[in-house]
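These notes concern the structure reproduced below.
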Ligand SMILES: NC(=O)c1ccc[n+]([C@@H]2O[C@H](COP(=O)([O-])OP(=O)(O)OC[C@H]3O[C@@H](n4cnc5c(N)ncnc54)[C@H](O)[C@@H]3O)[C@@H](O)[C@H]2O)c1
C-alpha cells in the first residue's frame with residue numbers, strides 16, 4: 008500500500024520508538040523528505056540499523072540511540088546528543104508506546120504504571136526536553152504525538168490502561184499546542200487505526216493472530232488493517248510546512264473505525 012509522495016522536511020527530527028512499526032515508518036518517511044533523523048528506542052541496536060537505513064533513504068545525517076522514554080535522564084541525554092550531532096531540533100515524533108491490558112480489579116500496579124509511564128509520561132519527558140531546544144533556537148517547530156482512537160472511545164475487554172494513557176496524551180497535545188503556539192511551535196496528535204505491528208498483537212496468543220487479523224480487518228470500514236506507512240504519511244504532513252495552520256488537532260487515520268456506530272440499524 009503506497010501512502011503517496013513524501014512531504015519535504017528540513018532540520019532534525021527525533022522519533023521515539025523509531026526502531027519498529029509506525030515509528031520506523033515515520034523515521035524513514037522523514038528521511039525520504041530530506042530531514043536528518045534521530046531514532047530513539049529501548050532497542051538501541053535496532054535503532055542504529057534504522058538510522059543507517061535512513062541515510063540510504065536520503066537523510067543528510069542520522070543517529071540511533073538506546074533511550075527509555077520512561078526515564079528522565081535517558082531522555083535528556085538522548086535528546087541532547089541528537090541535537091549535538093544533527094543540529095537544531097525542528098520536529099519530534101513522540102511515538103514510543105506499549106499496550107498491557109487487563110480488567111481493573113485484577114490489574115497490577117506495575118502494568119498500569121508501565122503503560123502510563125511509557126505512553127503519557129514518556130511523551131511529557133521527550134516534549135519537555137525538545138521544547139527547550141526549540142525555544143533556545145527560536146525557529147519554531149512541530150511535534151506529533153501518536154495517540155489512538157482509544158483516546159476517545161472504548162470497548163469491553165481490559166483496554167483501560169491503554170485507553171487512559173491515550174486519552175491523557177490527546178489532552179496533553181491540546182494544552183501544549185496552546186501554550187507554545189505563540190512561539191511558532193505546532194503540536195498535534197495522530198490517531199492511527201489498527202495497524203499490523205508487534206504492539207497490535209501484544210496481548211493476543213500467537214496462534215490466534217491470523218484469525219484476529221481477519222476479524223479486526225473485517226470490522227474496519229475500509230476492510231483491512233492499516234500499514235505503518237499510512238500513519239507515517241499523516242505524521243510527516245504534520246511535521247511539514249504544508250500543515251502550517253494546523254495545531255492542537257487530532258488527525259484520525261483509522262480506515263473509518265471512529266466513524267462507525269457499534270449498533271447497526
Ligand atoms: N499498531 C496499532 O494498531 C496502533 C494503533 C493506534 C496507535 N498506535 C500507537 O502507535 C505507536 C507505535 O506503535 P506500533 O504499533 O508501531 O508498536 P511497535 O511495538 O511496533 O513499536 C513500538 C516501539 O516502541 C519502542 N518502545 C517501547 N517502550 C519504549 C520505551 N520505554 N522507550 C523507548 N522506546 C520504547 C519499542 O521498542 C518499539 O520499537 C504507539 O504509541 C501505539 O500506541 C498503534
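Numbering (my numbering), first residue to last: 8 to 272. A virtual CB, placed ideally from N, CA and C, is assigned to each residue, including glycine. The structure displayed is predicted, hence computed values, not measured ones.
Asked, Found
"Sub-8 Å separation of residue 198 and residue 155 beta-carbons", "yes"
"Through-space distance from residue 71 to residue 46, alpha-carbon basis", "5 Å"
"Residue 48: first and last residue of the uninterrupted beta strand (DSSP E) it sits in", "43-48"
"Host alpha helix (DSSP H) of residue 130 (start-end)", "129-144"
"Nearest to residue 266 (by Cα), restricted to the options 204, 86, 159", "159"
"Residue 23, enclosing beta strand (DSSP E) - first and last residue", "19-23"
"Exposure of residue 239, with buried meaning 16 or more beta-carbon neighbours within 10 Å", "buried"
"Three or more C-beta pairs below 8 Å linking the segment 96-110 and the segment 133-144", "yes"
"Closest residue to residue 114 among 222, 94, 169, 207 (Cα-Cα distance)", "169"
"Per-residue DSSP class, three states only, for residue 28", "helix"
"Heavy atom of ligand 1 within 7 Å of residue 219 beta-carbon", "no"
"Check whether residue 151 and residue 246 have beta carbons under 8 Å apart", "yes"
"CB of residue 32 within 8 Å of CB of residue 201, strictly", "no"
"Distance between beta carbons of residue 61 and residue 93, contact taken as under 8 Å", "That belief does not hold up - the Cβ atoms of residue 93 and residue 61 are roughly 11 Å apart, past 8 Å."
"Beta-carbon gap between residue 37 and residue 243 smaller than 8 Å", "yes"
"Simplified DSSP assignment, three categories, for residue 210", "coil"
"Touching by the beta-carbon criterion (3+ pairs, under 8 Å), the segment 170-187 and the segment 206-222", "no"
"Bridge partners - residue 257, DSSP secondary structure assignment", "196"
"Exposure label - residue 263; buried when at least 16 CB within 10 Å", "exposed"
"Cβ-heavy atom distance, residue 153 to ligand 1, below 7 Å", "yes"
"Residue 178 in three-state terms, based on DSSP", "helix"
"Check: residue 230 C-beta below 7 Å from any heavy atom of ligand 3", "As presented, the structure is devoid of ligand 3, carrying ligand 1 as its sole ligands."
"Beta-carbon proximity list for residue 175, same chain, < 7 Å, skipping 5 on both sides", "127"
"Exposed unless 16 or more other CB atoms sit within 10 angstroms - verdict on residue 29", "buried"
"First and last residue of the uninterrupted beta strand (DSSP E) at residue 150", "148-153"
"Whether residue 210 touches residue 108 by CB criterion (8 Å)", "yes"
"Beta strand (DSSP E) segment containing residue 97, residue limits", "96-101"
"heavy atom of ligand 1 below 7 Å from residue 168 C-beta", "no"
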